[in-house]
Structures are given as structure tokens and as C-alpha cells.
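K.L.:
Residue numbers (this note's numbering), protein chains in the order written: chain A, 10 to 375; chain B, 48 to 297; chain C, 9 to 312; chain D, 191 to 498; chain E, 5 to 241.
Glycine is no exception: its CB is placed at the ideal position from the N, C-alpha and C atoms.
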Ligand SMILES: Nc1ncnc2c1ncn2[C@@H]1O[C@H](COP(=O)(O)OP(=O)(O)OP(=O)(O)O)[C@@H](O)[C@H]1O
Ligand SMILES: Nc1ncnc2c1ncn2[C@@H]1O[C@H](COP(=O)(O)OP(=O)(O)OP(=O)(O)O)[C@@H](O)[C@H]1O
Ligand SMILES: [Mg+2]
Ligand SMILES: [Mg+2]
């Protein structure tokens, strides 16, 4: 009937709301650019907040599927929400496209024909930094992460690539405010590098306190700790910190440049990878509907079209692996202060080229 | 017959303040023993120790020849050692009837009964009504305890103690707060009760004490300074000086 | 050994931060007997106002000076609109109302200032560190925080224990009808004390802003910690809150720093790191359960 | 039969009609929402029993919810996915946990009790967070909904709704009887004046311990149902915020009224869901609503049937 | 100086006072008497504004204070030693005595002189006191506000005979000094020696009053009146 319905489920309450906001905004920007249409069909977007509570997310998703009859569910931000909603969505007639969370289980044995990820497999970003530390020849590294599944996965991902000595491996309680104990340990250990995964406010605190403690002489490698969602708060304390990503706002291609400019104009903030991935997700859907000839009812055609990933990604090259996770380049990034006073991450070097994840071999999909 | 309650060298201090100093006392069954003494002498503290609300620092307590020193408040209550409180201590949200019925329930054995409606237990309610009638609160059965006047609460306190069917009843100032009329009625009630149950009475109303008591003990500064027949106590100069004053003794 | 010293210092200063946040709540909760779950939210508002005002004026001290009256005004508005009607009520009603307030304030803050964390720079005068020992650089700002914490502790101790205001509020919390019948306008007194509590919450938010990120919901996670502190110390005891905060800070910091190493000695390393991981976040709760097991009314029980 | 007994009857009858009404709308969504509301009503009611009747404000109630959910998840994983079996495992597990922890918590009174229940709840939470075998923080997915006595009746959302409703109704009848029983009277008396209760010859500790176990058992059943409703279990079910939510539902409904707890849970969850479909800023609406109810006192039950 | 005019009041839905008229003159000592539960304490609460009026007026020192909040009434010169003591359990004895104190003749040391026992227990918390000690504290606390009209609601309850005698002596000396007092007590003997006038309340109504002269003429009159039910005696005046 000339209309495509998108249900977006992201976290919009509590401290992580900023991430959900970026995804919502990035997606909306793409749709706006496409003239309010996706694949030539009028796009109708329903955004719901999962409140970071898995059981609530399930109810919300059922609402999207049954009340709003959406064709695509886009979301979520967090892995534990993904675990809860993957089954209800993929069992329905809608496709689930994750613009951020990409857990290993759905990349391997439990991969699903109706589930796509436009970001990365979670481990990859950590591997980037592990590889970098390895290549750089660091002898020892100090690892720090919050004590939950994603934190443990992060350190495992790093260690997959880094073969040097692990000076210490410290897990902190989720939501910890003060890192002086860990920082004192780092000062005492004097490692060649620190690797950490400290998303959100924890990362803001850590980065500021790291700088205040005078530790900036030790290279600070991190994932999801210093990005455009936290930089406005970290500011100078983060400048020079290294991260890993599949994209950065200074990515040198026209579509990305246009995107960053448009995003900043519309929302007054520098976009992070979340926004970029959401934008790409919209573009992916757009391309798929177009390729499938605008027929939303033909699921097989739509699936095949999605799988082709035939759109111009902000990251340049983009294609799906057999498990519907992307194969893409990964970069080492560095925090910098721009001429206009804003902060962003910038690409330093490419660490992986056309990098697919290692779980795809377990995925029965062809 | 041996004593129903025997205290051996009971001592208790609150910091520097000695509220019980080596107290030895025997209560004979079937008698009403009055305990008098100035404010802060340690009467209530003694009742607390006998009933198990307060642990003595030293000394032993025998109830019906059993050493109950180590037993808790509830265990002693189940053995029939029941007390009333100086400040009415009730279940303000319950009706007067339920307050007393709960006491009867405590007497009736296990309360780990989960299904039968307690409010419909005819036996408990009947017992409760009897107790309420005895203290003259028959008209107030349905009133919530929190809505009773001060004096009515004191009467209810006595009714609750009665419904526990004590073997030894420790009464802490039962007459306090009662009006002139009610005091007279309560006096009559205790007169008849005397024949049923042994009592230890703490009271500042000397009229009541001398009308009721078979024996009187005087506690001053945590020490028993005198014990004996009411008349002898009334005449004792030491007691007059420490407690009674001239007017009351006269 | 030097590490132990540093970690002890770290523990103490985490304790001071916790105390700063707890101080206002002990006052309102412990002295006025009012369960104010929204204290955390008021602390957050303090942090936001500080971030905003410091940004606006470009001067930390000026911003701080403006934050205090602003949080006071905010607290007084809450008092007049809501809290005043709840003083003599079931604590559960207070819980419900203040929970509702948290929802509202969290959302409101996000609507006004956005969801991104914001931060406040350390004032230039207090930036940098001092060398306490060779090789041990300690941030000056944190030393200043410790000073502020001590000052607040002393102030509160005086107010609660050595002024008639403190007595009257405690009396009013236990029997407000009686204190009125003695000629004391308990409503006004509560207003004053509540205002003080609100200001302290705001002060804590403002002082902590240069160290911690200012973000929506920052008060909620801290709230539980603060309750732990207060309960360990004994509700209503300033001394207790102070020592409770230090204890929590120390145990948490030292446990995180040395716990795993100690476990390593006791069992094989992989089992130890597994246990260590699950044990460290539990530490303060274990501490609280332990304290309450031995002293069911906290370390410094207070008459309430 | 007085009207106080009739209201719950009508209430449950109305709830029984929900699936029929849902047929006209987005059925699975409505049923999912309604079933979740019923499950939380059961959990809130179990808390009400402790809080309203026994005066024990448990701030660790979500732990029992989580225990029930994990019992279901573990059984489901090892092939024991039958609702009766799951409940039969969850109930003693939760009751045991309740008895063990309450034996310690009950030493403390008032806020101290509240906070020690929180402590144990948090310990259990962190235990499951660090338990990698069960997915840690990410949780575990259940392959399928539990069977019921060997049949697969529960596979249908509607049947599952009725199972939850039956659990709620049974729980209500059970607790209602207990509150009015001799046991319940002692429990209520302990809340008002523990010293007096001891002076009458009761040991408050035993009664309160039993109350905690009963409450935990019922809440664990809610946990089992919640796990099966979502086919998913994670430590997020047992955060302290969840325990807080349950307290809020209970107080919102009206302290002391079992029916109130049900009402509170339904109102809180449905209103949150409804408001959030219209605005992203649901806190701006739900918050003030809670404040208003609190200012008025006695909760929603007070509005509907005038007090306790 | 104090007058209740046709006062009606109650608790929630249940009325307890039905048009009570009562007055206390300057320097006068007046007793309010009646059985338990008849409304004595309710009348006191009305005077202090602790229960709401549903009808009538309360006047004090020439002003209508019916709508004045309790604290302002107390500041205007009403002092209360309440029934059931109502000691602040979380304050020490000394804090109880100074928390509401106002400058005047009843200084802390004067109060300690009146009740030496309190001085001994000055550091103890309110709820650690014995019943009688709490009662002393309640009286002392009322005096510390230097009231113009002292209201004693069963203030000698639980006091030992010796102390009770002292209290009566103290009240007598207060009376001589011109203090106005409204007293509720069951010690008829001592009471009748002290008072100028008596009111008897029954089921929320004043059913009888006796003037100073009447009491002076026949002390037993009041006592006799108190023992009789309302239905058996006509109300004079
Ligand atoms: N928990 C306590 N802590 C400290 N002192 C206490 C405590 N309980 C009682 N006291 C003190 O012990 C003394 C004895 O108190 P107790 O209540 O036994 O006196 P009493 O003889 O009953 O007096 P009264 O006739 O006035 O009721 C009093 O001085 C009281 O202040
Ligand atoms: N808080 C209350 N709530 C409801 N009813 C009450 C309350 N207090 C007293 N009443 C009722 O009001 C009536 C008068 O009580 P009041 O306390 O004035 O009596 P009183 O004359 O002072 O008696 P007493 O000599 O026993 O102190 C009584 O019937 C009593 O049950
Ligand atoms: Mg006594
Ligand atoms: Mg009275």
C-alpha cells in the first residue's frame, strides 16, 4: 500500500539514553535525506524505549509487531536486550536489524536468516586494539573492564590478538564512580599500555580521573570509552586516547562528510558510530526495498536484497558475511580537538581490512 | 507449699545506675504481694527481669521451681508468667475484642494455623468478651484500641493480661490513669481475682495497696529495704521517710 | 607498602565523597525521619545546576556560589509543594511520593540538558597535584574535597547535637503534636532543616561534578550507596554516617585493590579470579550485612 | 456475603475476559502485556503480604523473582521444562533462600531490615551477573515455553494468560485466608507491637520467618511465569530497581490490601506502557501521578473501596 | 482568661464533645473531672488546637484563638503537661527540659530543684526513665515554657506518694503566686484542697460546676456529685 513501517527499539532512559538518541537521530537523518521515504515507500517510524529492561523490551517488541505491524525492527543498543528480543522478532514476519549490539551467539550457531547486524561483531573492536598493541610491540598491558558479560568479552577479544604479558586484569563493579584504586594499581604496575572497555558515564569518570592522576604518559587504549557520545564530557582529558572503530567522523569519503555535516547541523553534536550505523541501517533498508521492487510481502526477495547490502555505506565498503554480520575495515582512532573547539575521534591507521568475524564458520546459513 | 516465684540475688545495672541490687524475694502461691517504692527505684525493671524482657546481670529466677533465668519473654509467658505494662501496650489497629482474643489465642496453643478465619473463632471471642466484661469495657468491644481514652486503654491492658490465664500475674501500676470510679471498680475486680491467681502488684495508689496486699515489699534505690505485713510496712519509719511521707502513712 | 598507603588514601577520599552526598540525607532521614528517596535526584540537580552555572559564568567559584541558592530554592519548592504534606505520614507514602519525584526529575533534567554526560573542569586554582611522597602525586582538588567533607561533618555535628534547632527537630520528628503544644513552629523548623538538606545535596553535586560525570540518573545509583553508608553508621548519626562512609570507601577500595591478590594466595589463580570477580561488587553489601548482623542498628545507634 | 468479598470476584471475572477482548486488537501484544501485568501483580501481592500484613518492607523481593526465573531457565535447559516441575523447584529454592537470609535480616528492624534485604538481593544479583555459565549479564534464552503436566497447552498465549491468572487467583485466595487466620493475626500484631506479642507468649521471629518464606515462594512462582512468558531470563529481573518497582506498585495499590497490590501492579504497568506509547518522556507524567496518589494516601485501593 | 464556648469536637466521624462550656479566670485553679473516656483530654486537646473544632469557640487572654495554630497558642501562654507524658524519647532529660524553654522563673536549675531525681538522670534518654520520672519531666517541661495558664492532664499519675505531695505543695505555692491552672486529676483529696472551681464532664457535656464558695462550704459535695450518674441529679445553674 506504498508504506513501510519501521519499529525502532532503543534505550532512551537512564544514562545510556544518549546512545539510543544517536541511533534514533542517525536513522531519522537518513530517512529525511531520502525524502521521508525508504525504498520509495513512505516511511512510518515508531520509536520505543526498552528502558534497558529485557522483559519490558519483549512486551514493547510485541507491541511493534502486532499493534503497529512493522516490517522491520531496528534495535537494540545493548546485548542483553538483543538476547531477549531476537526470538520474538525473527519468529514473526518482520526482519530484525541491529544497528549496534552484535553478540557472538547470533553470529555463530544461533545465526538467523531474519536477523542482520549493521555494526560489527562485538569482539572485533576489542581485537583491533589487541592487534594494535601486539603490532606496536607492547610488552605488557593492564586490562580494565566492568564486571559483566560485555566486559568479560571485551578483555577476551583483546587477548585474542595481544600475546604480551597481562600486567593485571581488573574487573570493576558496574556503575563504579571512582577509579582511584585501579589508577593507583596502574601507576604501580607501570604497564606499556592500558586497555579498557568502560562505556558511558563510567568511561567519562575513568578518562577524567586517568588524566587527573597524571597517567597520560601510559598509552590509553579503549573501546566504547571515548567516542562522540562521551567526548563532550571528557574534553581535553581524552585528547590523544586511542580507540578502535569501523568509522570515525573524519572518514574521507563524500557521503560521510555530508552525513557528519548534516548531523551536526541538525542535532548540534558530532555523530558517533552509533549514529553512523543507524544511518547505514536506513540506507540498507532503503536499498533492500528498492531491490525487491517495493514488495514488502515477498520476504524471500527482501531477505536476499538485504543480504546483498547494496547501498553506499558511510564507511565505504560494506558487505555481509554468511551470518549476516558485516565484513568491513577497522581502524585505530585517536581523540582530537577540532578547530571549532569540538572533540571527535580521528582515524590513525587501518588495522584490519575486510575483516569478518570468526564465528561465521559455525553459522549454518549459506 | 513452695514459692511460685523465687528470686535469688538478682542484680542489674544500667551503666553507673544500679536498678536491682542483690534482690532475693519469694512469692507464696495464692497471695497478693505488693511492691512499692519511690519513682525510679527499679520496680518496673524488676518486673522486666522477672518477665524476661530484661536480662539480669547476675542472679537467678525460679518460676514454679524451674530456673527460667535464661528463658525469653515469650517462653515465660507460655509457662503462665504474665505481665501488664505500666504504659498500656496494645495493638492500636485491632479492636478491643481482637486485642483480648489474641491473648486468648496465645493461651490456646499453636498459632501456626493458616486457613481458619481467626475472627470467627467463637471460643476465643467468647473468652475475650468475658475478660472485657470483667474490666467494664463490655461496651467498647468493637472500638479500635488506638481510639480508646487513656483510662480505657489501661482497663484493656488488664483485660489482656486476664485473658492470658496467668499462673502468676505481674501488674505494673494497674490503677494509674483510672478515674475515681474506675479505681474502685478495679479494686473490686482484683479482690475477686486474688482468689484465682497469684499476683505481684506494683502500685503507687496506697489505698489500693493496703486494701489488697497480703504482703508488701519496699524497693528503694534497687534494694529491698523492707518486706512484711502491710501494717508493719505502713508503720516502718524507714518506709515513711523514703516513700510514703507523713500524710499517706497516717 | 607505598601502594597500600595510596590505596588507603584513595579509600578515605572515596569515603569523603560518599559522606558529602550522605550528609544531607542523614539530616533529613535521620533527624526529621523523612524517607527522601529524591535526595539523589536533588544531588543530581545540584550537579547539573553547577555545570550549567559554571559554564554560564565561566568561573567555578561564582558558579558554585550561585548553585547553592539555586538548589536551596529548588528544595524549598519541593518542600512547600509536596514534602510538607507527608511529614507525619506512613514512610511508605513518602517512598511513593519521592519515587515519583525521581521519575519526574530524571526525565526533566534530560529534557532540559539532554542525555549526554556533561563535565565540569577542575577550577584552575585547584588543578594539578601535590607530591605527598616521592612518586606519589595526589590531585589537589581531591584534597580540597576532603577538607569540604570535614567541614560539612563538623557543621552538621554541631547543628544536630549542640543547638536547640537540632533538639527541636528531633523532638518534632518523634512527636510533632507535642512539640507544637510547647510553642514551637515545627513546620518552619522542618522547612529550614529541609532547606539545609537540599543545599547540602546540591553542594555535594556541585563539588563532585569536576570528578564524576554529570549525567541523567546519576543520583539513583548513588542513592543506594548512600543508604548503605547511612545504615552502616546508624541512621541519624552524623558521626555514624561519617565513619560509615569512610568504612565503605576503604573496604571497597582496598577490597578492589588487594582482594584478588589475597584470594590468589588462598586458592588456585583461576578459581580465585572467578571468585574475586563475583565477590568485589558484593563487598559493600557483605560489609553491610555483616555490620547489621553484629549491630542490628548500625555502628552508632541513635535514639529515634 | 458482603461486598468486600464480591469486589475481588468481579475483578477476577473481568480479568478472565481480557483474552476475549484482546482478539479484536493486537492479540499477542495485548496478551503479553496483560500476562506480564498479572505476573507482577502476583509478585506485588506476595510483597504486600509481608509489607502490609507483616510490616516487613522487603527491598530484595526481586531476588525471589529472579530465583524463580533462573530455576525455570535451568530446568528448561536440562530438559525439565514442565511448569509444575519448575514451580515445584522454584518454591522450595526461594523459600530456602528466604529463610536463610531472613534469619539474618530479621535481627534488624525498620530501615535496617529494609537495607539488609537489599544486601542479600544484591548479592544474589551479582552472583548471577558473574555466572558465565548462564550467560552472565546477557542472560539466557529458553528454547520453548514450559509444558504443563506433559501437555503443551501453555504454548498458546491465551492459555498461558489463563495459567498466570489462575496462579494469581490461587495466590490471592491463599494469602487472603492466611491474613485472616490465627497466623495472620499474630503477624499483624507483631507489626504493631512486637514487645507485646512476646509478652503474650509468641516468638515473633518464627512467624516472620514463615511469612518471608510464604512470600518468597509465591514470588518465585511469578518468576517462573515471567521466565516462560519471555522465554528469556537475565539478572535484570532481579536488580534493586525491580525490588523498588514492586514496592511502588504495592504502595500505589494501598498498603495492607491484597487486592490493592494487584490493582497497583496493573495500574503501574499499564499506565507506563500506555503513556510511553504517546511520549518518550513518560516520567514527566507517571512521576507526578505517583506523587498525587501518595499525597492523598492509602493508595488506589483507598479510592476504589475506601481503605483497608 | 481561658474560655471554651459551646465547643464541639471529635475524632474523625465520632464526636466526643457536645457543646462544652468551661472557663478559667486569672489566677484561678480549676479542676475538670469525670469518669474515663468522658472527654477531659479531648477538651484539653481542643484548648491546644490538637483536635479540630467542629463548633464553638476557644478564647484565651481576650482573643479568639479557635483558628490559631497550636504553637502560637502555646507561645501566647498555654503550657501543657499532657496525659501519658509524651516525653521525647530521643532527647535526653536535659534536652527535653531546654528544647522549648523560654526565659523566666522556671530555669533549668529551678526545675532540678523541684525534681532532684531529674538532675540525677539528666543524661538519660526520655524512654530510659521510669514512669514516674517521665511524669516529673512532663511537668517540668511544661513549666519550662513559663506558661500563664498551666494545664495538667493527669500529671500526678504514677508518682510516688512523697513526690505527689510535693507536687501538690508546689501547685499550691504556684497558686499563691497567682498562676492560673487547669487540672485534671483523680486525687480528690488533694485536688479539692487546691481548687477554686470544678467542672464535671460526662459524655462530652459539662454536667455540673461548683464554685469556690460551694467547695469551701462542703468539700464532700463534689465528691458526692462525682459518684452519682447524670440521670440521678438535676444540673444546677
Ligand atoms: N533502658 C534503660 N537505660 C538506662 N536507665 C534505665 C533504663 N530503664 C530504666 N532505667 C533507669 O532505671 C531506674 C529504675 O527504673 P524503673 O522503671 O525500674 O523504676 P520504677 O521503680 O518502676 O519507677 P516508677 O515508679 O517511676 O515507675 C530509673 O532511674 C530509670 O531511669
Ligand atoms: N485518638 C482518638 N481517636 C478516636 N477516638 C478517641 C481518641 N481519643 C479518645 N477518643 C474517644 O473520645 C472519647 C473521649 O476521650 P478522652 O480521651 O477525652 O477521655 P478522658 O475523659 O480524657 O478519659 P480518661 O480519663 O480515660 O483519660 C472517648 O470515648 C474515647 O474513646
Ligand atoms: Mg515503673
Ligand atoms: Mg484523659
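Answer with yes or no whether the minimum CB distance from residue 225 of chain C to chain G is below 7 Å.
P.N.:
Absent here is chain G; the protein component of the structure consists of chains A, B, C, D and E.
K.L.:
Apart from the five residues just before and just after residue 20 of chain E, which ones in its own chain have a Cβ nearer than 6 Å to its Cβ?
P.N.:
14, 43, 46, 208
K.L.:
Residue 174 of chain E lies in the alpha helix (DSSP H); which residues open and close that run?
P.N.:
DSSP places residue 174 of chain E inside the alpha helix (DSSP H), whose first and last residues are 165-180.
K.L.:
Pull the bridge partners of residue 354 of chain A from the DSSP assignment, please.
P.N.:
Residue pairing by DSSP places residue 354 of chain A opposite A:344 in a beta bridge.
K.L.:
Is the Cβ of residue 250 of chain D closer than 7 Å to any Cβ of chain A?
P.N.:
no
K.L.:
Between the segment 404-417 of chain D and the segment 141-160 of chain B, can you find at least three pairs of beta-carbon atoms closer than 8 Å?
P.N.:
no
K.L.:
Using a beta-carbon distance below 7 Å, is residue 15 of chain C in contact with chain A?
P.N.:
yes
K.L.:
Going along the segment 378-392 of chain D in order, which residues come within less than 9 Å of chain B, judged by CB to CB distance?
P.N.:
Answer set for the segment 378-392 of chain D: 378, 379, 381, 382, 383, 385, 386, 387, 388, 389, 390, 391, 392.
K.L.:
So who's on the other strand from residue 186 of chain E, going by DSSP bridges?
P.N.:
E:34, E:155
K.L.:
Can you look up residue 132 of chain B in the DSSP assignment and give me helix, strand or coil?
P.N.:
Here residue 132 of chain B sits in coil by DSSP.
K.L.:
Relative to the C-alpha of residue 133 of chain E, which residue among E:97, E:149, E:202 is closest?
P.N.:
E:97
K.L.:
Taking 7 Å as the threshold (beta carbon to beta carbon), is residue 119 of chain C in contact with chain A?
P.N.:
no
K.L.:
Which residues of chain D have a Cβ atom closer than 7 Å to the Cβ of residue 97 of chain C, listed in chain order?
P.N.:
487
K.L.:
Please confirm whether residue 474 of chain D has its beta-carbon closer than 7 Å to some beta-carbon of chain C.
P.N.:
yes
K.L.:
So, is the C-beta of residue 126 of chain C closer than 7 Å to a C-beta in chain A?
P.N.:
yes
K.L.:
On the DSSP bridge list, what partners appear for residue 17 of chain A?
P.N.:
A:56, A:83
K.L.:
Which residues in the same chain have their Cβ closer than 6 Å to the Cβ of residue 121 of chain A, if we skip the five residues on either side of it in sequence?
P.N.:
99
K.L.:
Please state the DSSP three-state secondary structure of residue 103 of chain E.
P.N.:
coil
K.L.:
Taking CB distances under 7 Å as the criterion, tell me whether residue 313 of chain D reaches chain C.
P.N.:
yes
K.L.:
With a cut-off of 8 Å, do at least 3 Cβ pairs link the segment 141-153 of chain E to the segment 72-85 of chain E?
P.N.:
yes
K.L.:
Please report the straight-line C-alpha distance between residue 153 of chain E and residue 182 of chain E, rounded to a whole angstrom.
P.N.:
10 Å
K.L.:
Counting only Cβ pairs nearer than 7 Å, list the residues of chain E close to residue 251 of chain B.
P.N.:
162, 163, 164, 165
K.L.:
Using a Cβ-Cβ cutoff of less than 7 Å, which residues in the same chain neighbour residue 459 of chain D once the five nearest sequence positions on both sides are dropped?
P.N.:
Taken in chain order, the residues that qualify are 226, 227, 230.
K.L.:
Apart from the five residues on each side of it in sequence, which residues of its chain come closer than 7 Å, Cβ to Cβ, to residue 254 of chain C?
P.N.:
Hits under 7 Å: 20, 23.
K.L.:
Measure the Cβ-Cβ separation of residue 241 of chain C and residue 248 of chain C and say whether it is below 7 Å.
P.N.:
yes
K.L.:
What I want to know is whether the C-beta of residue 134 of chain E ends up closer than 6 Å to one or more non-hydrogen atoms of ligand 1.
P.N.:
yes
K.L.:
Mind checking if residue 149 of chain E is an interface residue toward chain C, Cβ cutoff 7 Å exclusive?
P.N.:
yes
K.L.:
Going by C-alpha to C-alpha distance, which of E:5, E:102, E:160, E:172 sits closest to residue 187 of chain C?
P.N.:
For the options E:5, E:102, E:160, E:172, the alpha carbon positioned closest to that of residue 187 of chain C is the one of E:102.
K.L.:
Which same chain residues, not among the five before or five after residue 114 of chain B, have their C-beta less than 8 Å away from its C-beta?
P.N.:
The answer, listed in chain order, is 107, 108.
K.L.:
For residue 55 of chain A, which option in A:69, A:341, A:11, A:16 has the closest C-alpha, if you only look at C-alpha atoms?
P.N.:
A:16
K.L.:
Shorter than 6 Å, the distance from the beta carbon of residue 90 of chain B to the closest heavy atom of ligand 1, or not?
P.N.:
In this structure, residue 90 of chain B has its CB closer than 6 Å to one or more heavy atoms of ligand 1.
K.L.:
With a threshold of 7 Å between beta-carbons, can residue 134 of chain E be considered close to chain B, or not?
P.N.:
yes
K.L.:
Find out if the Cβ-Cβ distance for the pair residue 18 of chain C, residue 261 of chain C is shorter than 7 Å.
P.N.:
yes
K.L.:
Give the DSSP-derived three-state secondary structure of residue 355 of chain B in the structure shown.
P.N.:
Lying before the first or after the last residue shown, residue 355 of chain B is absent from chain B, which here runs from 48 to 297.
K.L.:
For residue 372 of chain D versus residue 212 of chain B, is the C-beta spacing smaller than 7 Å?
P.N.:
no
K.L.:
Which residues in the same chain as residue 288 of chain C place their Cβ atom closer than 7 Å to its Cβ, once the five residues preceding and following it in sequence are excluded?
P.N.:
263, 264, 267
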